[in-house]
Structure formats: structure tokens, C-alpha cells
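Here our numbering is used: the first residue of the sequence shown is 20, the next is one more, and so on.
Backbone N, C-alpha and C define an ideal beta-carbon position, used for all residues, glycine too.
A short worksheet on the structure shown next.
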Amino acid sequence: MENPIHEAKKELIRWIKEMNDLEDIAELLEIKNKKTAVDKVAEPQAEYAVKDDFDERFAKGIPHDEMRRRTREFIKNLPWKK
20 MENPIHEAKK ELIRWIKEMN DLEDIAELLE IKNKKTAVDK VAEPQAEYAV KDDFDERFAK
80 GIPHDEMRRR TREFIKNLPW KK
């Protein structure tokens, strides 16, 4: 059993081969050009190195003791059912 897409393609090829109207052919070319323009993947404009600033961000972070205090306070303030 043949793929229905292949059958449709063959039918379109036969139809296009029999076409003689220049306007219809131009319209098909427009459709083809629009379709291929959408499918193209753009190349990156410029490559750049990503700065590894982990140490800087880590140094600006919350100290361990402060985080424990905040976590305990958060848990204590949750709406617990009694």
C-alpha cells in the first residue's frame, strides 16, 4: 500500500506538468517561496561567551544561618489546622 502523500504529490506533479498558464505557475512559485522562507532557520548573528559569574552570585546569596531563620519563620507562619 502506497503512502497517500506520495499519491497526492504525483497527482500535483502531473497537474503542474499540464499547466500552461503563466499566472498560475507564478502563483505556485509564490506559494513555494513563502513556504521555503518560513522553513529556513536563521543563523545566529554573533556568537558570544557566557560569563561564568557563579562565585559572584554565590557571594551575594543569603548566608546559611539567615536562610534557616527565614525557613523556620515561614513554617511557623503557615496556616496550620488545629
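Assigned secondary structure, residue i (DSSP; H/G/I helix, E/B strand, else coil)
i: K79; result: coil
i: W34; result: helix
i: N22; result: coil
i: K53; result: helix
i: K70; result: coil
i: D40; result: coil
Alpha-carbon to alpha-carbon, residue j and residue i
i: R91; j: K70; result: 35 angstroms
i: K100; j: M86; result: 25 angstroms
i: N52; j: E30; result: 21 angstroms
i: N22; j: R33; result: 17 angstroms
i: D74; j: P98; result: 37 angstroms
Rounded Cβ spacing between residue i and residue j (contact assumed at less than 8 angstroms)
i: I35; j: L48; result: The pair is not a contact, with the Cβ atoms about 11 angstroms apart (cut-off 8 angstroms).
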